[in-house]
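S.K.:
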Amino acid sequence: MLVGSAVITASSLAYFDFDTLPPFVVEKLPVRFESLWLASLRIHVAAASLALPLCLLLMTRALQRRVALHRWLGRICGVLVLLVLVPSGVVLSFDAKGGAVVTAGFLLSAAIIAWFMVRGVLAARRGEVVLHSRAMRHVVAQMSVAVTSRALLLGFDAAGVDPDVAYVVALWGPVLASAAVAELVSLRTVPFVRSAAQFFERIRREFHPLALVVRVRSLARPHVRLGR
Amino acid sequence: MGQWAQRRVEDGLVKPLSDAESHRFSRSRPPPRERRVRVTQTTATTDKSGRSFVSFAVDVRFGSEWSENDIVGCAYTGSGDLYVKRGDAYRPASFLLGKNEGPVAGVCEAAPSRS
Numbered sequence: 140m141l142v143g144s145a146v147i148t149a150s151s152l153a154y155f156d157f158d159t160l161p162p163f164v165v166e167k168l169p170v171r172f173e174s175l176w177l178a179s180l181r182i183h184v185a186a187a188s189l190a191l192p193l194c195l196l197l198m199t200r201a202l203q204r205r206v207a208l209h210r211w212l213g214r215i216c217g218v219l220v221l222l223v224l225v226p227s228g229v230v231l232s233f234d235a236k237g238g239a240v241v242t243a244g245f246l247l248s249a250a251i252i253a254w255f256m257v258r259g260v261l262a263a264r265r266g267e268v269v270l271h272s273r274a275m276r277h278v279v280a281q282m283s284v285a286v287t288s289r290a291l292l293l294g295f296d297a298a299g300v301d302p303d304v305a306y307v308v309a310l311w312g313p314v315l316a317s318a319a320v321a322e323l324v325s326l327r328t329v330p331f332v333r334s335a336a337q338f339f340e341r342i343r344r345e346f347h348p349l350a351l352v353v354r355v356r357s358l359a360r361p362h363v364r365l366g367r
Numbered sequence: 004m005g006q007w008a009q010r011r012v013e014d015g016l017v018k019p020l021s022d023a024e025s026h027r028f029s030r031s032r033p034p035p036r037e038r039r040v041r042v043t044q045t046t047a048t049t050d051k052s053g054r055s056f057v058s059f060a061v062d063v064r065f066g067s068e069w070s071e072n073d074i075v076g077c078a079y080t081g082s083g084d085l086y087v088k089r090g091d092a093y094r095p096a097s098f099l100l101g102k103n104e105g106p107v108a109g110v111c112e113a114a115p116s117r118s
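Heads up: the sequence lines are chains A and D, in that order. Here the numbering used here runs 139 ahead of the position in the first sequence, where the first position is 1. Here the numbering used here runs 3 ahead of the position in the second sequence, where the first position is 1.
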C-alpha cells in the first residue's frame, strides 16, 4: 500500500506543472467551475500524498507503542483528512467522470472517512482503544481505495474492458469491499465473538476464583455487625 | 481534400497522441487500442473569416467495439491548423497533448449563408 501511495504521489507531480495539463485534467476540461476544480484537485493530491502514508504509519505497532508521537501524528492526520482531504474530494466528486453513480461512490467514501475519523478521534479522547482502532481501520480502508481502484483500472484495461464500465466497477468495488474488510477485521479482534472457551478463559484470568468464593460466602453468611 | 485532411489529422493529432500516452497508475482513461480518422465532409466549408476547413472525427477502440466521435474537430486547408471540440467550444488540437490552450472563437463554424 505504501508503494502504491508513493507511485500515485510520483505520478501526481504533473498536477503542479502549471504550464502543461496532465491527461486526467485534459480529459476532464471543461468543467463548470474550472479554477475551483483545478485548485481542489491540487489540494486533494497534496493532502492525499501526506495523509495516506501517515495513516499507514499510524497503523504500525512501532508507532502505536510511542503513544505521544502517535497522538501528535494522529492529530495532524485528523486535521489534514477532515479539513483538507475530504472537503476537496467532495468538490471533485461533483465533476467525476461517470456521472451520478461515480459521484455517489466518491461521496459515500468521503462520508465513511469523515464519520469514522470523527468517531475515532472521540474514541481516542475517551481512551476507548478498541473503538478507535475500528474507526481508523475504516478510514485507512477507504483511503486505500485510491490504490486498489487504480490497480483494478490497470487490470480492466489489460482485459479490454470498456473504460466507462471499468471506472464505475473499479470505484464501487473497492469502496464496498474495503468497508466490509475493515468491519470483518474489527469483528475478529473483539474478544466476545471468538469461541466461548476463550471468552470464559479470559474471565477466569481476570477474576481469581478465590475472590468469587469470598464474595459468595459474604452473601450467604454475612457477618453480623455489632449493635444489631 | 479528404485524403489530405485524413493525413493531416493522423500526423498532427493521432500520432502525437499515441506517442504521448502510456498506461499510468492513474484515474485517467487508458490509451485506446486503436484510433481511426474519418473526414466527415467531402468539400471544404468557409468560416466567418473566410478560411476554409474540413470537419473530422476520430473513433477509438478499447476492446472489440469501436466508439465513434471520441474526438471531433476541424482541419484548416490553408494553414493545416487543427482544432478539437471540448464542451461547446473549439480549442487548438495541442490542448489534447497537454498545452494549456483556451477556446478560440469562430473557428470550425460555417459562415452564415448569403441567401
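Ideal Cβ positions, reconstructed from N, Cα and C, are used throughout, including at glycine.
Report yes if the C-beta distance between D:Thr43 and D:Ser55 is below 8 Å; otherwise report no.
M.R.: It is not a contact, given that the beta carbons lie outside the stated cut-off.
S.K.: Helix, strand or coil for A:Ser174? Go by DSSP, reduced to three states.
M.R.: It is helical.
S.K.: How many whole angstroms separate the CB atoms of A:Val241 and A:Leu310, which I take to be in contact at a CB cut-off of 8 Å?
M.R.: At roughly 6 Å, the Cβ-Cβ gap stays under 8 Å, so A:Val241 and A:Leu310 are in contact.
S.K.: May I ask whether a heavy atom of the ligand COA can be found less than 7 Å away from the beta carbon of A:Val241?
M.R.: Summarising the ligand content, the structure contains no ligands, and the ligand COA is consequently not present.
S.K.: Got a sec, what are the start and stop residues for the alpha helix (DSSP H) A:Ser283 sits in?
M.R.: Looking at the DSSP string, A:Ser283 is not in any alpha helix (DSSP H), and its letter there is neither H nor E.
S.K.: In whole angstroms, what separates the C-alpha of A:Val225 from that of D:Pro33?
M.R.: In a straight line, the C-alpha of A:Val225 is about 26 Å away from that of D:Pro33.
S.K.: Can you check which of these residues, A:Tyr306, A:Gly312, A:Ala285, is closest to A:Thr148 by C-alpha distance?
M.R.: Closest option to A:Thr148, Cα to Cα, is A:Ala285.
S.K.: Return no unless some Cβ of chain A is closer than 8 Å to the Cβ of D:Lys51.
M.R.: False, the Cβ-Cβ gap to chain A never drops below 8 Å.
S.K.: Using 10 angstroms around the beta-carbon of A:Val220, count the other beta-carbons present and answer buried if the total reaches 16, otherwise exposed.
M.R.: Buried is the call here.
S.K.: Between the region 92-102 of chain D and the region 158-171 of chain A, do three or more beta carbon pairs fall short of 8 Å?
M.R.: As far as the Cβ criterion goes, the region 92-102 of chain D touches the region 158-171 of chain A, which means the pair count is three or higher.
S.K.: Measure how close the beta-carbons of A:Gly237 and A:Asp303 come, nearest whole angstrom, since I'm counting them as under 8 Å.
M.R.: That pair is a contact at about 7 Å.
S.K.: Using three-state DSSP, classify D:Ala47 as helix, strand or coil.
M.R.: Coil, per DSSP.
S.K.: Work out the CA separation of A:Leu326 and A:Val332 for me, nearest whole Å.
M.R.: Residue placement at A:Val332 cannot be trusted, given a pLDDT of 48 that sits under 50; the coordinates are not used to answer.
S.K.: Locate the beta strand (DSSP E) running through A:Leu369, then write down its first and last residues.
M.R.: No statement about residue 369 of chain A is possible, as the shown extent of chain A runs from 140 to 367 and does not include it.
S.K.: When the Cα atoms are used, what is the spatial distance from D:Val69 to D:Ala8?
M.R.: Inspection of the sequence shows that residue 69 of chain D is occupied by Trp rather than by Val. Approximately 21 Å between the Cα atoms of the pair.
S.K.: Decide if A:Val279 is buried, meaning its Cβ has at least 16 other Cβ atoms within 10 Å, or exposed.
M.R.: With 16 or more other Cβ atoms within 10 Å, it is buried.
S.K.: Give me the chain D residues within the contact set of A:Leu160, using Cβ-Cβ distance strictly less than 8 Å, ordered along the chain.
M.R.: By Cβ distance, chain D contributes Phe98, Gly101, Lys102, Asn103.
S.K.: Any beta carbon of chain B sitting closer than 8 Å to that of D:Ser31?
M.R.: Any reference to chain B falls outside this structure, whose protein chains are A and D.
S.K.: What residue range does the beta strand (DSSP E) around D:Lys88 cover?
M.R.: It spans 85-89 - the beta strand (DSSP E) in which D:Lys88 sits, taken as one unbroken run.
S.K.: Any idea if A:Leu152 is buried or exposed, counting beta-carbon neighbours within 10 angstroms, 16 or more meaning buried?
M.R.: Its Cβ having fewer than 16 others within 10 Å, A:Leu152 is exposed.
S.K.: Using a Cβ cut-off of 7 Å, pull out every chain A residue sitting near D:Arg27, in sequence order please.
M.R.: Correct list: Ser150.
S.K.: Short of 8 Å Cβ to Cβ, which residues in the region 291-322 of chain A face chain D?
M.R.: Result list: Leu292, Leu293, Asp296, Gly299, Val300, Asp301, Pro302, Tyr306.
S.K.: For the alpha helix (DSSP H) that A:Pro226 lies in, which residues bound it at each end?
M.R.: Where A:Pro226 is concerned, the enclosing alpha helix (DSSP H) stretches over 225-232.
S.K.: Listing by chain order, which chain D residues have their CB less than 7 Å from the CB of A:Phe245?
M.R.: Correct list: empty, because the minimum Cβ distance to chain D is about 11 Å.
S.K.: Is A:Val260 closer than 8 Å to A:Gly299 when the C-beta atoms are compared?
M.R.: Going by C-beta atoms, A:Gly299 is not nearer than 8 Å to A:Val260.
S.K.: Beta-carbon within less than 6 Å of A:Thr199's beta-carbon, same chain only, minus the 5 sequence neighbours each way: which residues are those?
M.R.: Nothing listed; no residue qualifies.
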